[in-house]
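Chains as they are written, first to last, in the numbering used here: chain R, 1 to 429; chain P, 1 to 261; chain C, 1 to 262.
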Amino acid sequence: MRGLARQAVPWHAGRVAARVAARCALLSLLVASRAEGDDLTVGRGGTYATLTAALAAAKPGDRVIVQAGTYREPTLVVRTPRLVLEGQGWPVLDGEGQREVLVIAADDVTVRGFVATNTGVSNLEDRAGIRARDVRNCVIERNRLRDNLWGIYLQRSADCIVRENDIEAHGLKQTESGNGIHLWYSPGARVERNRVRGHRDGIYFEFSPHGETRDNVSERSQRYGLHFMFSDSCSYERNTFRENNSGVAVMYSRGVVISANRFERSWGSAAYGLLLKDISGGAVTDNVFDRNSTGLFVEGSSRLEVRGNHFTQNGWAAKVLADADENVFSGNRFSGNAFDVTTNSRSANSTFDGNWWDEYDGYDLDRDGVGDTPFHPVRLFALVVEQHAAALLLLRSPLVSILDAAERVLPVLTPEALVDRHPLMRPPR
Amino acid sequence: MITLDSIRKRFGALDVLQDVSLAVRPGAVTALVGPNGSGKTTLIKIILGLTRADAGALHVDGARADAAGAYRRAIGYMPQAAHFPTNLRVGDVLELVTQLRPGEAIDDDLARAFNMDGIRTKLVGTLSGGTRQKVNAVVAFMFKPSLLILDEPTAGLDPLAAAVLKEKIRAVRTEGRAVLITSHILAELETLADDVAFLCDGTLRFSGPVAALLDRTKSRSLEEAVAALLRTERVPQRATPDAVTTSRVAPLLAPQPQGGR
Amino acid sequence: MNIVRLVLQAGLRDLSRNRWIVAYTLAFLGIAEGLFWFGGTGPQVLLSMLNLVLLVLPLVALVFGTIHVYASREFVELLLAQPVPRRELFAGLYLGLALPLAAAFLVGAGIPFAVHARAGASLGGVAALLGAGVGLSLAFAALATWIALHTDDRLKGVGLALGTWLAATVVYDGLVLGAAAAFGNYPLERPLLGLMLANPVDVARVLVLTQLDVSALMGYTGALFEHTFGTALGTSIAAVALLAWCAVPLLLADRRFRTRDF
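Written as structure tokens, this is what we have:
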């Protein structure tokens, strides 16, 4: 709580100003460091044999250059502000299965070019490969993190940059694994171009608003590729989430922008390409949902704009529960899904308008590109399966086709309101 | 030589054949006659193994006929009407039958007489009924079996072809082979048959040389003899309690087509 | 075996010139090609063809098969009068019906997918569809043969064939759906999987589904389904079930053929 109090002011006072200032400071630091600080060399042929010794000797603004080699030292704690830690030739910082590897405990610190590995598993402490604790403006870039309980852990640290890191964990059970990139009470973070594989959650945000997450690849997570809660006004762009055990979960937040991401191959009874729970006023645009058990799952969310997405070859393209309202689906493309849209009630509070459905077989006599008959995307069979999961075995049975056709002609059980009155004749884009 | 010994066959409640014993001599033509429904076809099918007898024994050339059907090497069969698959060529049919009976001596007299080579590439479905019947005859006579079973062989054949066929039947007899033949045209049988077997209501009423039958019924022709047999058969049967049998025979006599000839 | 081959060869020659078989081939060819022509992607065409395979193929195999066996009756009698064992005749006659049916489907449905190989239909999906179609052809040809050998009344036989078709394609699934709804509170997955194996049309459908709709099926208590049908073992189980659907009617038909009176 101490850290929280300390950082409370800049968060809310002038976020943008603070961030611009922080970046300027960082830039000047990078430019100035050559002139301002000294270079301390660690390792073969260097001044210091150990990182611990170099860190103890370093002054603010110094650059600590670490040569290739394996360093087995007690947890390294950076307490000097404006320090740059730079590995050359991928020096390995080994936790020997015993301890946290590196902790950033001063502002404006940069860590790059290290391999941080082998924290070991502990039930008592959250060990991370690289942790930033109660700091501002840290930069963690181009590191490799291997087989750590936690990968990169930002704890109450504002305006940090985590980019181009390669993070991987193997062979751990979900209960014995932490997250790849973990943010807790860390606002204004930028997470870019990282690759995360095999952790419990690939990228995790909690109480960390105003973050930007771009161009990351998060795959084969034991739970979520991205797990995201209580973090308003964040954006996710151009990320790829692939083969994550439960997909991606975004929950309890406002004003989230999710754009141009790929959600691929999340398979399982509780796996979702993207799960939205209690999200209000966000946008889900131009994403691709490809081969997920459920592409997009919307629960208790409202005023979402779902536009220009491509849902292809999912089991259920979009599941929109009845407690979700005022969501608008338009300009999306639905192709090759077993079920396009399903819901759990006859009442539908979300709007579908102007989407392209590969199952639409209407006509367009006036040639305006919009089908002349409405499309009912919810199949009767989808509702049956919703209530009796085992009935799914009859998928694509001729009987089911007959039932669906009858229901489309004369809707009795499917929500009449859930209808696309302007189905597109050609896929958008 | 084929012998039938106390052959019995029931279809449901109907006794189709009752204790039929018959010998078909080699070097002779045996005419199997009787009204419609008398059991002629069933008897033929039992000889061929198409239908199994409930009781009795069948010997072909001294060996008991078995289920494996090898004994049928001794038999050539010409069914009443041939229904070959319509999309086979005549050549396909002849080839199939030849290959099904490998190693048997081929007799191609009829094939030449009926000009099979000229229609070899024609589809069966395009043939006239008469031509199809010629193919049917050729198939039956293709080998040199010791017994030929001919079911209404001249039906549908033009008079010329019928004459050719009858000539062939006589030739087969001369070779010492046996022929079992059924026909509605008793006059035709008369010119061919040496022996006659008369079947009525599943019972063999007479079997023996044609001359013996004529003698016994004091008739001049086979036709008269058969009519006489039927007449005399009705007398004792009236005395039997089984009136149903009798009443079934009576109407069967009326439509016999050969009656007026 | 030689006799089987000869009779089969005659059957193939006959049916390859049969206009219904030719029309059947062309129908598959035309429909699949048409679906591609009108802009269908590989997966879409695959799904449309699956509907045909599940509905039309059993109908044709049953009705055409039954009528064909009836029509061959006199020819069969002529063959039976030759010195050959009945069992070998039967094998030749059945294969002479089933193989042309299967081949007609394989050619008619296979060629368009081969021509449009780049349209995006997965190889596994096409293979499953073709395999299922061939399996269904063989199974329903066997059922048709059995029906025709069992029922001398041709009208009754064709009626039975139609009834069998309706039962296998629609009625059976209706009962399964009813059961799923009625016993929805019980863990039904395993019994239902068993029920699927008990109907050849369902086996064929599930076989193709495991290749097409993996996403949906994985969601559904995925592990069980994956373990049952999604693996090589599962595909084998389904294939064996389909083979059993050929074998059982075939054995019954064969028994009937060997013991009945003609």
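The C-beta atom is built at its ideal place from N, Cα and C for all residues, glycine as well.
For clarity, every value in this text was computed on a predicted model and none was experimentally measured.
| Check | Outcome |
| --- | --- |
| With C-beta atoms as the reference, is R:PRO81 less than 8 Å away from R:ASP107? | yes |
| Would you kindly check if the distance between the Cβ of R:ILE104 and the Cβ of R:VAL66 is under 8 Å? | no |
| Tell me the rounded alpha-carbon separation between R:THR373 and R:ARG426. | 15 Å |
| Whose C-beta lies closer than 8 Å to the C-beta of C:PRO249 among residues of the same chain, with five residues either side of it excluded? | ALA139, ALA142, LEU143, THR145, TRP146 |
| Count the other CB atoms within 10 Å of the CB of R:GLU326; is the residue buried (16 or more) or exposed (fewer)? | exposed |
| So R:THR226 and R:TRP184 are supposed to be a Cβ contact under 8 Å. How far apart are they, rounded? | Just to set this straight, residue 226 of chain R is Leu in the shown sequence, not Thr. Contact doesn't hold; Cβ gap of about 15 Å is too wide. |
| Can you name the residues of chain C whose CB is closer than 7 Å to the CB of P:HIS83? | GLU74, PHE75 |
| Tell me the rounded alpha-carbon separation between P:ASP66 and P:VAL97. | 21 Å |
| Suppose the cutoff is 8 Å on Cβ atoms and the five residues either side in sequence are ignored; what does the same chain contact list for R:GLU299 look like? | LEU275, LEU276, LYS277, ASP278, LEU321, ASP323, ALA324 |
| So R:ALA271 packs on R:SER293, CB below 8 Å; how close in whole Å? | 5 Å |
| Determine, using beta carbons only, whether C:PHE140 comes closer than 8 Å to chain P. | no |
| How would you list, in chain order, the residues of chain R whose beta-carbon sits under 8 Å from the beta-carbon of C:LEU55? | PRO398 |
| If we call anything under 8 Å between Cβ atoms a contact, is P:LYS122 one with P:PHE141? | no |
| For R:ARG367 and R:ALA169, I'd like the C-alpha separation in whole angstroms. | 55 Å |
| Under three-state DSSP, which class holds R:TRP356? | strand |
| Let me know the secondary structure DSSP gives P:LYS9 once reduced to three states. | strand |
| In angstroms with no decimal places, state the Cα-to-Cα distance between P:SER247 and P:ALA13. | Low confidence applies here, because P:SER247 scores a pLDDT of 36, under 50, leaving its location unreliable and the question unanswered by this model. |
| Would R:ASP368 count as contacting chain C if we go by Cβ distances under 8 Å? | no |
| DSSP three-state call for P:PHE143: helix, strand or coil? | coil |
| Tell me where the beta strand (DSSP E) around R:ALA318 begins and ends. | 316–320 |
| Do you know offhand how far C:LEU177's Cα is from C:GLY194's? | 14 Å |
| Once you ignore the five residues that flank R:ASP126 on each side, which residues in its own chain have a CB closer than 8 Å to its CB? | LEU149, TRP150, TYR153, GLY178 |
| Grab me the residues of C:LEU188's own chain with a C-beta within less than 7 Å of its C-beta, minus the 5 sequence neighbours each way, in chain order. | ALA180 |
| Within the same chain, show all residues whose beta-carbon is closer than 8 Å to that of P:ARG89, passing over the 5 residues directly before and after it, in chain order. | ARG120, THR121, LYS122, LEU123, VAL124 |
| Using Cβ-Cβ distances below 9 Å, what residues of the stretch 383–397 of chain R are close to chain C? | VAL384, VAL385, GLN387, HIS388, ALA389, ALA390, ALA391, LEU392, LEU393, LEU394, LEU395, ARG396, SER397 |
| Is DSSP giving C:MET49 helix, strand or coil here? | helix |
| Report back the beta-carbon spacing between P:ALA212 and P:LEU204 to the nearest angstrom; my notes put them in contact at under 8 Å. | About 14 Å separates the two Cβ atoms, so there is no contact after all. |
| Tell me P:MET78's beta-bridge partners as DSSP assigns them. | P:LEU150 |
| Relative to chain C, which residues along the stretch 45–61 of chain P have a C-beta separation below 8 Å, given in chain order? | LYS45, LEU48, GLY49, LEU50, THR51, ARG52 |
| How would you write the range of the alpha helix (DSSP H) that P:PRO159 sits in, first residue to last? | 159–174 |
| Give me the Cα-Cα distance between R:LYS59 and R:VAL84, rounded to the nearest whole angstrom. | 11 Å |
| For R:VAL378 versus R:THR351, is the C-beta distance shorter than 8 Å? | no |
| Taking C-beta to C-beta, are P:ALA85 and C:PHE75 nearer than 8 Å? | Sequence check: residue 85 of chain P is Pro here, not Ala. Contact flag set, yes. |
| Of the residues that make up the stretch 68–82 of chain P, which ones have a beta carbon closer than 8 Å to any beta carbon in chain C? | ALA68, GLY69, ALA70, TYR71, ARG72, ARG73, ILE75, TYR77, PRO79, ALA81, ALA82 |
| Which term fits R:VAL250, buried or exposed, when burial requires 16 or more other beta carbons within 10 angstroms of its beta carbon? | buried |
| When we look at the beta-carbon of R:ALA338 and count the other beta-carbons within 10 Å, is it buried (16 or more) or exposed? | buried |
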